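Chemist: The numbering used here runs 524 ahead of the 1-based position in the sequence shown. Provided herewith is a single structure, encoded as structure tokens, for subsequent inquiry.
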Amino acid sequence: KWKEKIVDLVNRNQKKEAMYEMEQYKKQTKKTILYLQFCMLAETVLGWKNGEDREKLLDNIQKAWNLTRKGKNILRLQGLCCSYFEFSLAMLYVRLLEGNREEEEIIMYYQKLLLYLEKHVEESDRVKWYSQIAVRVVPLLKKNNNSNQAWKITIQAIQLLQRQACMFHLSELLRLYQEFLEEKYGKIRASMPQKVQKELFDIDGICNSLEWCYQEYKEKQKEWIWDISFGVGELYLCQDIIRGRRNGMGMSQQELAEGICSPVTISRIECGKTYPKRKELVKLLERVKWSGETCTLTAQIGNPEYHQTTSKISNLTYLGNYQEVEKLLEELEKKIPEKNVFAQQYFLNNINITQFALGKKSKEEYYLSAEKALYLTAPRLEKERWRKWHFTRAEVMCINAMSYGCEEVGKEEEVIELLERIKEFYERQGMSLEHYQVGYRLTVRNLGNLGKYKESILLADIVIKLAFCCEDIGIMSIALYDKGWGMEYLWDKEVFYRQESLNYIKASYYLNLFLDKKIEYEYCREHIRKVYGEDIYGYKGRVGISE
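Here's what the structure looks like:
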């Protein structure tokens, strides 16, 4: 939390406050090497933002690098396995060298950084760096008559952003892509092939929508991503998990402790005075049926060999490729003949979602399967006790699945109550909502689907703000549609007007178009046709392009 505060102050260029927090942070962490390295990186970024001498800043980076890589050249990463701190230092070092070295040398350093990312860093982390290196090196490559390499990097960066549903420097990269097309076909669009005209028209729409979003929410595009909070998803304190789920299960401290540790230890854990050893923690979490922060088999049954498959299933589910998901689930289920409660919940929940999406289940059947999956790990609680329950990711997914069929079984009020509890659960966590945005966004959306229009509009704004924090264009596209859709239901009360809501639906269309989510963008386009009597390719007197 303290690091998040420092990052926020540096990004907002509040120098005095940031320096004070860093000094306090150093004192509390006793200048441990990694904490000190973080502060030195933050101080350098702050100095750069305030126009301090570049040689001094380069010296600061070198000192920070030497804390963990003394004797190694910061510009030679070959053969090294860098931490994210170290790579951020090397990247900022090259950025600060711009203007002080020959362009050919800067190009070489940037290309080395890109090569390191491609070879050593997973896509989910690489996306935060690759695009911002691309927007620096592509213009330099073009200026030095290496358009082929510039084109290749631009395409790779855009495709990476598309696959990871991110918007780091997306507008800049798309405009660079447009320049390449104009160089090839000329700047007069009417003389271009229809396919290219449509592509340019769509890029204009995507960029204009992004620019509108930034303006509408008074956000600024990030100049430089230096804060390296990679791999930090949902974060919970074990004391909250154990206390919340023990109380919800009606279990005494003595019952929970039996055969694992003493009741006094449970009391001290729940008060935050002590932390259990790893073996004790695993047993305690199993007893309160906590599966971990994700709904993957890796967390549930501890076999890393399944991680690649479950990650692929998650990605294909997100993209709506349910036929492929169904095949993978069948193959995976055969490999696990003896399933514990967490594995049972994983398969029941994911198979249920897939079969419903493929039209193999009715809404009522979908609800009943989701409910069954939920109660594998959660007890049937009274309303008041749900307020204190500590939800797993899998339970959140189950309840949100139940919302799609609750009206068919007469359980609408019950599900709304559960969704409200999940919303409150995320909002009271110690870390910022940014870390819980996936489950929070889904919960907010389903509250809106069940008729909570005013609430859903306000909450959609929160989700859009979270999307800006995470640079997540996937979440942004969904929340924009949700807000516009909710606004439509309040037209007759003259709370919102047609053009206001249309702007949100239109922006959602273009962002889904970039993500190549055909079901979503076609749905948005048809929605605009039916509700607004317009077509995307007929706005503002532009010449529509035939399909």
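Where a beta carbon is used, it is the ideal one built from N, C-alpha and C, also for glycine. Owing to the predicted nature of the structure, the values given are computational and were not obtained by experimental measurement.
In terms of residue numbering, what span does the alpha helix (DSSP H) encompassing Q686 cover?
Modeler: Numbered from 1 along the sequence shown, position 162 holds the residue referred to as residue 686. Element bounds for Q686: S671 to Q688.
Chemist: With H, G and I counted as helix, E and B as strand and the rest as coil, what does DSSP make of D532?
Modeler: As a first step, residue 532 is located in the sequence shown; it is residue number 8 there, counting from the start. D532 falls in the helix class under three-state DSSP.
Chemist: Tell me, which residues are paired with E622 by DSSP?
Modeler: In the sequence shown, residue 622 corresponds to position 98, counting from 1. Note: E622 sits in a beta bridge opposite R625.
Chemist: Which runs of the alpha helix (DSSP H) spanning at least 4 residues fall entirely within the region 829-854, listed in chain order?
Modeler: 831-843
Chemist: Residues in the same chain with beta-carbon distance under 6 Å from A658, minus the five sequence neighbours each way, listed in chain order, please.
Modeler: Translated into the one-based positions of the sequence shown, residue 658 becomes position 134. Contacts found: I677 and A681.
Chemist: Quick check on the burial criterion: 16 or more other C-beta atoms within 10 angstroms. Buried or exposed for T916?
Modeler: Counting from 1 along the sequence shown, the entry for residue 916 is found at position 392. The residue in question, T916, is buried, as its Cβ has 16 or more Cβ neighbours within 10 Å.
Chemist: If we ignore side chains and look at the alpha-carbon of each, how far apart do C819 and A918 end up?
Modeler: Taking the first residue of the sequence shown as 1, we reach residue 819 at position 295. Taking the first residue of the sequence shown as 1, we reach residue 918 at position 394. Caution applies to C819, whose pLDDT of 36 falls short of 50 and renders its modelled position unreliable; the value that the coordinates give is listed next. Between C819 and A918, the C-alpha separation is close to 5 Å.
Chemist: Just how far apart, CA to CA, sit L853 and I837?
Modeler: As a working note, residue 853 is residue 329 in the sequence shown. As a working note, residue 837 is residue 313 in the sequence shown. Between L853 and I837, the C-alpha separation is close to 8 Å.
Chemist: Kindly indicate which three-state DSSP category D996 falls into: helix, strand or coil?
Modeler: Taking the sequence shown and counting its residues from 1, the one referred to as residue 996 is at position 472. If DSSP states are grouped into helix, strand and coil, D996 belongs with the strands.
Chemist: So Y654 and L684 are supposed to be a Cβ contact under 8 Å. How far apart are they, rounded?
Modeler: For this step, residue 654 is matched to residue 130 along the sequence shown. For this step, residue 684 is matched to residue 160 along the sequence shown. Right, their Cβ atoms sit about 6 Å apart.
Chemist: Within a Cβ cutoff of 6 Å, which residues of the same chain sit near K885, ignoring the five residues on either side of it in sequence?
Modeler: By 1-based counting over the sequence shown, the position of residue 885 is 361. Cβ within range, chain order: Q879.
Chemist: Going by CA-CA distance only, name the one from I765, K1017 and L724 that's closest to G710.
Modeler: Numbered from its first residue, the sequence shown carries residue 710 at position 186. Checking every option, the nearest Cα to that of G710 belongs to L724.
Chemist: Is DSSP giving R904 helix, strand or coil here?
Modeler: Position 380 of the sequence shown holds residue 904. Here R904 sits in coil by DSSP.
Chemist: Measuring alpha carbon to alpha carbon, tell me which of D726, V806, Q548 and S1025 ends up nearest F1038.
Modeler: Counting from 1 along the sequence shown, the entry for residue 1038 is found at position 514. For F1038, the nearest C-alpha among the options comes from D726.
Chemist: Between which two residues does the alpha helix (DSSP H) carrying Q548 extend?
Modeler: Stepping through the sequence shown from its first residue, residue 548 is reached at position 24. K539 to T553 is the span of the alpha helix (DSSP H), which, as asked, contains Q548.
Chemist: Between V661 and Q635, which are expected to be in contact by the criterion C-beta below 8 Å, what is the C-beta distance as a whole number of angstroms?
Modeler: Looking up residue 661 in the sequence shown gives position 137. Looking up residue 635 in the sequence shown gives position 111. Contact flag correct, Cβ pair sits at about 7 Å.
Chemist: Using the Cα positions of S776 and K803, report the straight-line distance between them to the nearest angstrom.
Modeler: For the purposes of this step, residue 776 is taken as residue 252 along the sequence shown, with counting starting at 1. For the purposes of this step, residue 803 is taken as residue 279 along the sequence shown, with counting starting at 1. Using only the alpha carbons, I get a separation of about 21 Å.
Chemist: Flag N624 as yes when its Cβ comes closer than 8 Å to any non-hydrogen atom of the ligand FMN, and as no otherwise.
Modeler: The model on display carries no ligand, and the ligand FMN is accordingly not part of it.
Chemist: Give the DSSP-derived three-state secondary structure of W1015 in the structure shown.
Modeler: Position 491 of the sequence shown, counted from the start, is the residue given in the question as residue 1015. Reduced to three states, the DSSP call for W1015 is coil.
Chemist: What residue range is occupied by the uninterrupted alpha helix (DSSP H) comprising W572?
Modeler: Taking the first residue of the sequence shown as 1, we reach residue 572 at position 48. It spans I557 to K573 - the alpha helix (DSSP H) in which W572 sits, taken as one unbroken run.
Chemist: Quick one: any contact between the region 942-951 and the region 971-985, if contact means 3 or more CB pairs under 8 Å?
Modeler: yes
Chemist: Using DSSP with H/G/I as helix, E/B as strand and the rest coil, what is I986?
Modeler: Taking the sequence shown and counting its residues from 1, one reaches residue 986 at position 462. Helix.
Chemist: Count the CB pairs spanning the region 598-609 and the region 629-646 that are closer than 8 Å, and state whether there are at least three.
Modeler: yes
Chemist: What did DSSP end up calling Y633 once you bin it into helix, strand or coil?
Modeler: Reading the sequence shown from its first residue, position 109 is the one you call residue 633. In this structure, Y633 counts as helix in the three-state DSSP scheme.
Chemist: With a floor of 3 residues, list each beta strand (DSSP E) that falls wholly inside the region 700-740, ordered by position along the chain.
Modeler: none
Chemist: Below 8 Å on the Cβ atoms is my guess for K887 versus G929; work out the distance and round it to an integer in Å.
Modeler: Indexing the sequence shown from 1 puts residue 887 at position 363. Indexing the sequence shown from 1 puts residue 929 at position 405. Indeed they touch by this definition, with Cβ atoms about 4 Å apart.
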